[in-house]
Every structure is written in C-alpha cells, then in structure tokens.
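Take a look at the structure below.
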Amino acid sequence: MIRSLRWRLQAWHAVVLTAVLSIFGMVVYHLLWQTRIDQIDSELHRTAEVLTSRLRRLLPAVQMSRWRPPMELPEVLGREWLQSLNTSNEMELESEVIQRPPSAPASDDEQARGSSGVFSEQQFGQRPFPPEIPRPESMTNLADEHWLPEDFVTLFEGVDAPLYYIVWDRDGVILQRSDFAPQVKFENLYKGWNSLPVRTVQSRGWLREVTHCTSFGNHVLVGRSIQGDVASQHGSGWLLAACGWLVLTLGVVGGGWLSGRALRPLASMSVTAKNISVENISQRIDLAETDSELGQLALVLNQTFDRLQSAFEHQLRFTADASHELRTPLAVILSQTELTLSKPRSSDEYRTALETCQRAGRRMRSLIDSLLLLARFDAGHPELQRGSVDLAEVANESVELLRPLADERKITLRSEVLPMSVVGDRDRLGQVVTNLLANAIRYNQEGGHVEVRVERVNGHAIVSVSDNGIGIPTEELPHIFERFYRVDKARTRVEGGTGLGLAICQSVVEAHGGQITARSEPEHGTTLEVRLPLPPETGKDLQNPGYLVAASSFHS
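6 is the number of the first residue of the sequence shown in the working numbering; add one for each residue after it.
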C-alpha cells in the first residue's frame, strides 16, 4: 500500500499541507502577540505621559531646586538668567525662597557667594532644600491622593487595579506610588540637565513596564500584569491549532478523494493492459474515460498496442508462410522418393526423380538462406563487407546475367549508367539490383522493355529499374515489401518466387543507410528506387555510404 502512487501522493500532500499550516499558524500567532504587546505598550506610554505632564505642573519648585547650573555660567547672566529660565518653564522662583529678608543677617551661603550674585556648583543643589528654606506646597500636593486626574484614579486603586505607577526623583527617592505597586529597583536614566527625555520598555516576568525620565530627572514608571494577556494568547494559539488540524483533516480527506478520482483512469488502463493477451489482442483503452495528460497516455498506449498487434499478426503470418514454403519442397521430395521406391524403375526414371528432388532441395535451401539473411538483418548483424562499389559495374553485371532470361521472354533490356561509386557490400548491392531486374522481367508482358539507369541527383547516387508491365494495384502497393506477400500468388508460385525478394532488398538497402521506394500505375508499369548516401567529396570516407536508387517493374 505504501508503494502505491496514490498513497505516496497522499503522504506528500499531507507533509506539504502540514508544513504550510504550521508556518502560517506560527506567523499568525507571532503577529497576534506582537499586536497585543504593541497595544499594551501604547496604553502604558499614554498613561505615563499623562502622569509626567501632571508631575511637571505640581513640582515646579522641586524641579528647580534640583537643577544645577553649569560651572561656566557667566556672572553677567546671574539671577536674571535664572529668573527668565523659570518664567519660560512655568517655574518662577519665589523671592522668599531665593532671597533672604532684608532684616535677616547674611547667611554663610550668601557670604560665600560674594557680590557676583551667582551660586557656585558646590552650593547650588547639594540638598533638596536648604534648612532655612521651607518645603514647597507642591510637594505636599504630590503626596495628596488627588494629585491624579479623576479619570485615572480607578486605574490604580484596589487589588484588581489594571495599572500601577511609581514616581522617583533623580536621586531615586520615591515621591509617590500606587497602593499595590510591586518593589522595583530604581534605574537612573537621567543624562544631564540639557538631555532629552528618555523612555524605556521592559518586561519582568508577568509584568510589562514603561519608564519616562524628564529633563529634570524625575522618573515615572507605569506597569501592568500581562498574565491575562498571555493566557488569552495561549487560548488564541489553541484555537489556531484546532483550526489548523481541521483544515489539515479536510485537506487530507479531500486530497485522497481527488487523487483517487485522478488516478481512476490509470486503474482502468492497467486492467485493460492486463487483459490484453494472444486471445484478446484487439482490446483497447477507452479514450472517453480519460482526458488531458492521461488521455495522451491512453492514446500512446493504444498506438503501441496497435503496433504490437500488427507485429504479432505479421509474425504469425510469417511463421505460417515460412512453414508452407518449406512444406512444399519437402512434400515434393517425399512424394518423389515414395513413388520411385514403390517399384523397380529404369535408370532414366530414377534420374528424373532425383532431378526433381534436387530442384526441390535447392528451393528449400534458397528459402532457408533468405530467412537466415533476414534474421541477421533483424538482429542488427548483417555482416556486410563494406568497400567502394561502382554502381555502373554492378548494374551492367546484373543486366548481362539476366539477359538470357529477358531474351527468352522477348523482353528488351536497356541501360543508361554513369560511373558512380558508393560504399557498401558489393555482393549484397548486386543482389538488390539483380532481384529488381528479375522481378521486372518475370512480371512484364511479352515484348515489353526494362530500363536500368544509374545517375546522380541532388548529391545522391540513383539506380532505377523501370518496366512497362501491367503494374501493381494501388491498394497492394504499401504491402509489397512485407515478407511472403504476393500480389498474384498463383503466378508467383509458377515463377518460383518465395515472396522474400523485396523484403531482402529493403533490409539490405536500410543496412546501407538508404531507402527503397516504389511507384506504379496499373497498365503502365512500375518503378522502384533505392537510395544510399554518397561518400564525401573529399577524403572518400568509406564508412559513410552514399545514396543508391534502383527502380524496377515487377509483380510479387
């Protein structure tokens, strides 16, 4: 089952679908969590901004008392520069905070300050408030529970409050915190009086926190627990997993149904191919049940079955014809010997019987030699002795060899040959020309003529044999090169033919890389042509034969 194509397709489909769903689920899960975290951070930042803004309005004096001027501050700026800075930042200094009363004696700080009117760095800002300076009212306001905006109070009150906050100054002193804020280690983010505000985001276990640091060093931390968000995210993850499992199940089931439907024609084709045998060789695949690529496969298989059937039928016919052809001379030999031995005979009678047996034996030997030759060609081992062959000489020899037969039948032989050399086996090529001439003579009408031509046409060597006989019917012409095929079977047997001559000619020509063709018009004669490749003009390569064309009139 595992080796079947359907189950392998199912397995690959399930693996790919699982991988796609897993990657998609992880991406969606990550995006959901990142979106949730971004929303939490945005909420915390907005809350911290509101608290920082509220802090700036409630602690102007605290901020100013904590601010340290740079050491290189010019004396000419002095108090006027400080006062202008306070005005621009809405932190105006009260005269009783910066300036002692006229009736009070000069303090040590003022004496140390001198007439310049500017505090030194060692004196300015070392303590939150000098002993003689009272705590500003704004510090008391910060400690008041109503320092938060009214709509923010519910966010920080009670055990189940969603948010918590902590406010530090730049020295890490806690100025205010919500009731249930956890213990948080102070981390100083202040970079200097001229630095920009700093914002940070961090996670501590189940807590998510943001910290804002103002230009004066005040730190505002706002946080919340994300345990509920994590639980909700886990629930979303389980929901994604359940949906993914459902999609995977439906995909595998649907893929199994689709693969079964797609492969059903293959099963039908397999059954049909399995049922084809010797007794049922004509059965074919029903093309109506297939389409697209499988339809093409079915068509190719049907064409292959057609060729197999044709080859099988040809083989059966060949075997039957060969058996029949061999049985005829054997029957002649047996009948003659039995008749001769049935009673005493004279020497002349014995001689006549032996001559008849000799002719039958020669016919049998010719048939067997022809079959063996065809078998060697079919096996791809024709055993050709290749060399340079002058087609003009081969044609003239064949004409002289068959001239007595032509004279006997009152057939005129004419030849027009030009010297033309090809590469091949001289004996086999001579056999081809002789067979074509013999057919043209034997199956021609009395007083007819046969013409042999050797010429070069378009770079090919051509030998043609033509006659003006009765010709070959058009429906018979495609079959004349088949083995044991005869157009006129009775006349062929009288002439002594075996029905293998043209099949041998075709095998010899094709073994030389050529081609043999036939043209015929009933009552006007027949022409056969054989083509073989000519050797190159330079080098006379004897391994690449040229084209030989032979033409002959015949009746097989």
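By construction, the Cβ of each residue, glycine as well, lies at the ideal position given by its N, Cα and C atoms. Just so we're clear, the structure is a prediction, and the values are computed from it rather than from any experiment.
Checklist entry - Using DSSP with H/G/I as helix, E/B as strand and the rest coil, what is L476? => result One-based indexing of the sequence shown puts residue 476 at position 471. A small correction: the amino acid at residue 476 is Gly; Leu does not occupy that position in the sequence shown. The answer is coil: DSSP assigns G476 none of H, G, I, E or B.
Item to check | Cα-Cα separation between E192 and M31, rounded to whole angstroms | outcome: As a position in the sequence shown, residue 192 is number 187, starting the count at 1. As a position in the sequence shown, residue 31 is number 26, starting the count at 1. Approximately 35 Å, taken between the alpha carbons.
Item to check | Where the beta strand (DSSP E) containing W173 begins and where it ends | outcome: Looking up residue 173 in the sequence shown gives position 168. Unbroken beta strand (DSSP E) run through W173: Y169 to W173.
Next on the checklist: At 3 residues or longer, what runs of the beta strand (DSSP E) sit wholly inside the stretch 208 to 232?
Outcome noted: 212 to 218 and 224 to 230
Checklist entry - Helix or strand or just coil, what does DSSP make of A16? => result Here the question's residue 16 lines up with position 11 in the sequence shown. Residue state, collapsed to three classes: helix.
Item to check | L537, DSSP secondary structure in three states | outcome: The residue labelled residue 537 in the question sits at position 532 within the sequence shown. L537: strand per DSSP, three-state reduction.
Item to check | Sub-9 Å separation of V514 and V437 beta-carbons | outcome: Numbered from 1 along the sequence shown, position 509 holds the residue referred to as residue 514. Numbered from 1 along the sequence shown, position 432 holds the residue referred to as residue 437. Yes; because the gap between Cβ atoms is below 9 Å, this pair is in contact.
Next on the checklist: Just to confirm my understanding: we take Y195, look at its own chain, exclude 5 residues before and 5 after, and list those with CB closer than 7 Å. What are they?
Outcome noted: Walking along the sequence shown from the start, residue 195 turns up at place 190. Same-chain partners within the cutoff: R175, C218 and G222.
Checklist entry - If you drop the 5 nearest sequence neighbours on each side, which residues of the same chain put their C-beta closer than 6 Å to that of H484? => result Start at 1 with the first residue of the sequence shown, and residue 484 comes out as number 479. These residues qualify, in order along the chain: Y490.
Item to check | Other residues of its chain near R524: CB distance less than 6 Å, five sequence neighbours each side excluded | outcome: Locating residue 524 in the sequence shown gives position 519, where the first residue counts as 1. Within the same chain, R524 has close Cβ partners T532.
Next on the checklist: Check this for me: beta carbons of G453 and T417, under 9 Å apart or not?
Outcome noted: Sequence index remark: in the sequence shown, residue 453 carries index 448 (1-based). Sequence index remark: in the sequence shown, residue 417 carries index 412 (1-based). Taking 9 Å as the Cβ cut-off, G453 and T417 qualify as a contacting pair.
Checklist entry - Where W243 and I231 are concerned, what is the direct C-alpha to C-alpha distance, given to the nearest angstrom? => result Along the sequence shown, one-based indexing puts residue 243 at 238. Along the sequence shown, one-based indexing puts residue 231 at 226. Cα-Cα distance, rounded: 18 Å.
Item to check | Own chain partners of P527 with C-beta closer than 8 Å, once the 5 adjacent residues on each side are dropped | outcome: As a position in the sequence shown, residue 527 is number 522, starting the count at 1. Only I475, G476, I477, P478 and T479 meet the Cβ criterion.
Next on the checklist: Please state the DSSP three-state secondary structure of L180.
Outcome noted: Here residue 180 is taken as the residue at index 175 of the sequence shown, counted from 1. Note: L180 maps to strand in three-state DSSP.
Next on the checklist: Distance check for V225 and S120, CA to CA, integer angstroms please.
Outcome noted: The residue you call residue 120 lines up with position 115 of the sequence shown. The residue you call residue 225 lines up with position 220 of the sequence shown. The pLDDT assigned to S120 is 38, lower than 50, so where the model puts this residue is not dependable; a value taken from the coordinates is nonetheless given after this. Rounded to the nearest angstrom, the two C-alpha atoms are 40 Å apart.
Checklist entry - Per DSSP, H454 forms a beta bridge with which residues? => result For this step, residue 454 is matched to residue 449 along the sequence shown. T417, per the DSSP bridge assignment.
Checklist entry - Hey, V455 and I446: beta-carbon distance below 9 Å or not? => result In the sequence shown, the residue the question calls residue 455 occupies position 450. In the sequence shown, the residue the question calls residue 446 occupies position 441. The answer is yes: Cβ separation under 9 Å.
Item to check | Which of helix, strand or coil DSSP assigns to T466 | outcome: Working through the sequence shown from its first residue, we reach residue 466 at position 461. The question names Thr, but residue 466 in the sequence shown is Ala. Three-state result, A466: strand.
Checklist entry - Under the DSSP definition of a beta bridge, which residues are partnered with R461? => result Indexing the sequence shown from 1 puts residue 461 at position 456. In the DSSP output, where bridge partners are listed per residue, R461 has A466.
Next on the checklist: I need the DSSP call for L90, collapsed to helix, strand or coil.
Outcome noted: Within the sequence shown, the letter at position 85 stands for residue 90. Residue placement at L90 is poorly supported in this model, since its pLDDT is 42, which falls under 50; the coordinates still yield a value, given next. Of the three classes helix, strand and coil, the one that applies to L90 here is helix, per DSSP.
Next on the checklist: What does the alpha-carbon distance come out to for the pair K279 and G249?
Outcome noted: Taking the sequence shown and counting its residues from 1, the one referred to as residue 279 is at position 274. Taking the sequence shown and counting its residues from 1, the one referred to as residue 249 is at position 244. Between K279 and G249, the C-alpha separation is close to 43 Å.
Item to check | Segment contact flag, the stretch 45 to 54 with the stretch 206 to 220, C-beta cutoff 8 Å, min 3 pairs | outcome: yes
Checklist entry - Just how far apart, CA to CA, sit L306 and S315? => result Along the sequence shown, one-based indexing puts residue 306 at 301. Along the sequence shown, one-based indexing puts residue 315 at 310. Cα to Cα, L306 sits roughly 14 Å from S315.
Next on the checklist: Contact defined as beta carbons within less than 8 Å: I believe L576 pairs with E398. What is the distance between those atoms, to the nearest angstrom?
Outcome noted: Any property of residue 576 remains undetermined from this structure, which presents the chain solely from 6 to 561.
Item to check | Local conformation of I338 per DSSP, three classes | outcome: Working through the sequence shown from its first residue, we reach residue 338 at position 333. Helix, per DSSP.
Checklist entry - How would you label R367, buried or exposed, when you count the other beta carbons within 10 angstroms and need 16 or more for buried? => result The residue you call residue 367 lines up with position 362 of the sequence shown. By the 10 Å Cβ count, R367 comes out exposed.
Checklist entry - Taking C-beta to C-beta, are E214 and V178 nearer than 9 Å? => result Position 209 of the sequence shown, counting from 1, holds the residue named residue 214. Position 173 of the sequence shown, counting from 1, holds the residue named residue 178. Against a cut-off of 9 Å, the Cβ pair of V178 and E214 comes out as no contact.
Item to check | Pair within 9 Å by beta-carbon distance, S375 and I281 | outcome: Numbered from 1 along the sequence shown, position 370 holds the residue referred to as residue 375. Numbered from 1 along the sequence shown, position 276 holds the residue referred to as residue 281. Not in contact: S375 and I281 (Cβ atoms no closer than 9 Å).
Item to check | E405 versus R536: straight-line alpha-carbon distance, rounded | outcome: Within the sequence shown, the letter at position 400 stands for residue 405. Within the sequence shown, the letter at position 531 stands for residue 536. When rounded, the distance between both Cα atoms is 23 Å.
Next on the checklist: Using a 10 Å radius around the Cβ and a threshold of 16 neighbouring Cβ atoms, would you call W173 buried or exposed?
Outcome noted: As a first step, residue 173 must be located in the sequence shown, where it is residue number 168. Flag for W173 reads buried.
Item to check | Range of the contiguous alpha helix (DSSP H) that encloses D432 | outcome: Indexing the sequence shown from 1 puts residue 432 at position 427. Here the alpha helix (DSSP H) through D432 covers R431 to R447.
Item to check | G511 classed as buried or exposed, judged by whether at least 16 other C-beta atoms fall within 10 angstroms | outcome: Taking the first residue of the sequence shown as 1, we reach residue 511 at position 506. Residue identity check: residue 511 is Gln in the sequence provided, not Gly. It counts as buried.
Checklist entry - Excluding sequence positions up to five away, which residues of its chain have a Cβ less than 8 Å from the Cβ of T342? => result As a working note, residue 342 is residue 337 in the sequence shown. Closer than 8 Å at Cβ, skipping near neighbours: A358 and C362.
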